[in-house]
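Working notes, beginning with the structure itself.
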Amino acid sequence: MKTCLVVDDSSVIRKVARRILEDLSFTILEAEDGQQALEKCQETMPDAILLDWNMPVMDGLEFLAQLRKLDGGDTPKVVFCTTENDVGHIARAIRAGANEYIMKPFDREIVEAKFQEVGLL
Amino acid sequence: MSPAEYDYLRQFLKSRSGLVLSNEKQYLIESRLLPVARKAGLQSIAALVAKLKEPRETALAEAVVEAMTTNESFFYRDKTPFEHFTQMMMPELLKARASQKKIRIWCAAASTGQEPYTLAMCLKEMESKLAGWRIEILGTDISNEVLDRAKAGTYTQFEVQRGLPIQLLLKYFTQQGESWTISPQLRSMVQWKKFNLLDSFASFGQFDIVFCRNVLIYFDQATKVDILGRIAKTMAPDGYLVLGAAETVVGLTDAFKPAPDRRGLYVPATAATAQPAPRFSALAGAARV
Ligand SMILES: C[S@@+](CC[C@H](N)C(=O)[O-])C[C@H]1O[C@@H](n2cnc3c(N)ncnc32)[C@H](O)[C@@H]1O
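Chains as they are written, first to last, in the working numbering: chain R, 653 to 773; chain B, 6 to 294.
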């Protein structure tokens with residue numbers, strides 16, 4: 653079974669994402685900010701990371717930059733999932749090494765389409 | 006609505022657009038047609054039916070037909086047809102048409118435009134191989150409403166997140182608030198025309214590729230057979246037909262046969278005999294240059 657780390661400071665979003673991704677047969681890990689997420693990744697690299705942008709302690713973009721520097725940090729597929737939905741933010745995320753980008757609000761269909769897009773389904 | 010009114014509407018839709026409704030779709034008719042009736046100042050389905058029976062009620066008739074269509078579509082729908090398109094159909098046709106340098110593509114139920122625009126993006130991504138070529142994409146649909154949306158090329162945030170890779174969104178669309186519009190360059194690659202598949206294809210000329218996806222499912226067997234037969238006649242013998250994931254020619258017509266190992270892709274049944282000749286001459290032509 654593939655693992656997906658869901659990184660979002662909103663417990664509601666984490667819950668919604670967990671439900672959708674579990675239905676797609678992922679094992680879910682959760683983190684509330686970039687710092688926690690980085691620690692989880694240092695323990696074990698997940699196959700996928702669903703990543704919010706604005707979070708306390710360490711934001712999504714900085715987490716991504718740190719992740720890609722880690723040993724094996726280039727393997728997880730990173731899908732941003734954020735309300736920052738303008739071209740500028742999207743372009744920055746892609747340049748920083750994100751594989752896909754979900755603009756909130758999202759639903760089951762979009763998550764499925766985007767995870768398919770990066771080859772996880 | 007009375008059984009007689011329901012029967013009238015079923016007959017009406019079948020003859021106008023091919024749409025077949027089973028016995029118990031009254032709820033569907035009511036939910037789709039009551040708004041149409043109200044907009045025309047009519048209070049019920051009964052009044053709508055009475056009005057449709059008047060001669061020259063063409064605007065209302067069109068509105069009824071349009072309201073009953075199902076227009077769902079998305080970019081790169083089912084993915085594989087577009088892989089077949091870039092990896093097989095286009096390379097084969099680039100060889101076969103090397104002397105004419107012209108390829109014609111028809112999206113026969115284009116809806117809001119995602120399918121023709123996906124083809125336009127595929128072509129743009131292989132641009133370097135297409136210098137000097139003329140590639141036409143014709144998008145047709147029975148509904149004016151969806152064609153207007155297709156021409157505008159503007160999609161919601163939800164629509165651009167179903168199947169469209171994020172890099173292509175950045176590359177080919179511009180953003181206005183929550184909506185995204187496809188670039189003028191891609192828009193100019195597609196021509197649009199209102200067209201009913203029940204009408205004659207005679208004015209279209211010959212196509213090399215036909216996408217006819219997720220529309221035959223709404224028709225009965227006889228209508229499917231008729232349309233497939235007429236598509237075959239409007240296609241180059243070495244052309245390609247693409248159907249939707251839930252559609253097939255098998256058991257319906259001998260005019261097409263499945264392309265080996267390419268799900269959803271069909272070739273004219275004459276292809277096996279007709280193909281070598283034009284290919285050979287195209288190659289010979291190229292060799293002479
Ligand atoms: C579900 S959409 C398919 C869109 C696209 N081909 C795809 O697969 O995503 C079906 C379209 O067929 C159109 N349609 C239905 N009956 C038709 C007819 N008789 N002639 C032309 N178009 C028709 C509808 O208006 C609708 O836009």
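Beta carbons: idealized from backbone N, C-alpha and C, even for Gly.
### Task
Give the C-beta separation of Leu-33 (chain B) and Ile-50 (chain B) to the nearest angstrom, bearing in mind that I take them to be a contact with Cβ-Cβ under 8 Å.
So it is not a contact: roughly 12 Å between Cβ atoms.
Review point. The beta strand (DSSP E) with Ile-680 (chain R) in it runs from where to where?
Key: 678-683
- request: Step through the CB atoms of chain B and report whether any lies within less than 8 Å of the CB of Glu-691 (chain R).
  value: no
Note to self: Following a CB-centred definition, is Arg-154 (chain B) positioned closer than 7 Å to any heavy atom of ligand 1?
What the structure shows: no
Less than 8 Å between the C-beta atoms of Ile-110 (chain B) and Ile-222 (chain B), yes or no? no
Could you check whether the Cβ of Gln-119 (chain B) sits closer than 7 Å to any heavy atom belonging to ligand 1?
yes
Task: Segment limits, beta strand (DSSP E) that includes Tyr-374 (chain B) - done: Since the displayed chain B opens at 6 and closes at 294, residue 374 (chain B) lies outside it and no answer follows.
Q) Does any heavy atom of ligand 1 sit closer than 7 Å to the C-beta of Gly-23 (chain B)? A) yes
| request: May I ask whether a heavy atom of ligand 1 can be found less than 7 Å away from the beta carbon of Ala-227 (chain B)? | output: no
Are there 16 or more other CB atoms within 10 angstroms of the CB of Ser-205 (chain B), so buried, or fewer, so exposed? exposed
query: Using DSSP with H/G/I as helix, E/B as strand and the rest coil, what is Glu-252 (chain B)?
result: coil
For this session: Compute every distance between the C-beta of Ser-116 (chain B) and the non-hydrogen atoms of ligand 2, then say whether any falls below 7 Å.
Result: Summarising the ligand content, the structure contains ligand 1 and does not contain ligand 2.
Query raised in the report: Between Ala-155 (chain B) and Trp-197 (chain B), which are expected to be in contact by the criterion C-beta below 8 Å, what is the C-beta distance as a whole number of angstroms?
Result: 6 Å
Run the CB neighbour count on Thr-734 (chain R), radius 10 Å, all protein chains shown included, and call it buried at 16 or more, exposed below.
buried
- Query: Alpha carbon to alpha carbon, what distance is there between Ala-55 (chain B) and Val-664 (chain R)?
  - Reply: 52 Å
*Got a sec, what are the start and stop residues for the alpha helix (DSSP H) Pro-121 (chain B) sits in?*
119-130
Can you list the alpha helix (DSSP H) stretches of 4 or more residues lying completely in the stretch 690-773 of chain R, in chain order? 712-721, 739-747 and 760-769
Query raised in the report: Looking at Ala-157 (chain B) and Ile-142 (chain B), is the spacing between their C-beta atoms short of 8 Å?
Result: no
Review point. If you draw a straight line from the C-alpha of Lys-44 (chain B) to the C-alpha of Arg-744 (chain R), how long is it?
Key: 47 Å
Practice problem: Provide the residue(s) that pair with Gly-144 (chain B) in DSSP beta bridges, ordered along the chain. | Solution: B:Cys-112 and B:Trp-197
Q.
Please classify Ala-282 (chain B) as buried or exposed, where buried requires at least 16 other C-beta atoms within 10 Å of its C-beta.
A. Any reading at Ala-282 (chain B) is ruled out, since the residue's pLDDT is 43, under 50, leaving its predicted position unreliable.
- prompt: Hey, does Ile-171 (chain B) have any beta-carbon neighbour from chain R nearer than 8 Å?
  reply: yes
Between the stretch 70-84 of chain B and the stretch 101-117 of chain B, do at least 3 Cβ pairs fall closer than 8 Å?
yes
Check your understanding: Starting from Val-69 (chain B) and walking both ways along the alpha helix (DSSP H), at which residues does that stretch end?
Key -> 63-72
Could you check what DSSP says for Leu-47 (chain B) in three-state terms: helix, strand or coil?
-> coil
Does Ile-762 (chain R) come within less than 8 Å of chain B when only Cβ atoms are used?
yes
| field | Simplified DSSP assignment, three categories, for Gly-244 (chain B) | value | strand
Next on the checklist: Let me confirm a value: Gln-181 (chain B) is counted as buried when at least 16 other C-beta atoms fall within 10 Å, else exposed. Which label applies?
Outcome noted: exposed
- Task: Indicate whether at least one CB of chain B lies closer than 8 Å to the CB of Ile-701 (chain R).
- Result: no
Excluding sequence positions up to five away, which residues of its chain have a Cβ less than 6 Å from the Cβ of Leu-26 (chain B)?
Arg-15
_Considering only the alpha carbon of each residue, which of B:Ser-148, B:Phe-163 and B:Phe-87 lies closest to Met-131 (chain B)?_
B:Phe-87
Q: Return the residues of the stretch 176-204 of chain B that lie within a Cβ-Cβ distance of less than 7 Å from chain R, sorted by chain order.
A: Gln-180
Next on the checklist: Looking at chain B, is there any beta carbon in it that lies within less than 8 Å of the beta carbon of Asn-706 (chain R)?
Outcome noted: no
**Message:** Taking 7 Å as the cut-off, is the C-beta of Asp-146 (chain B) nearer than that to any heavy atom in ligand 1?
**Reply:** yes
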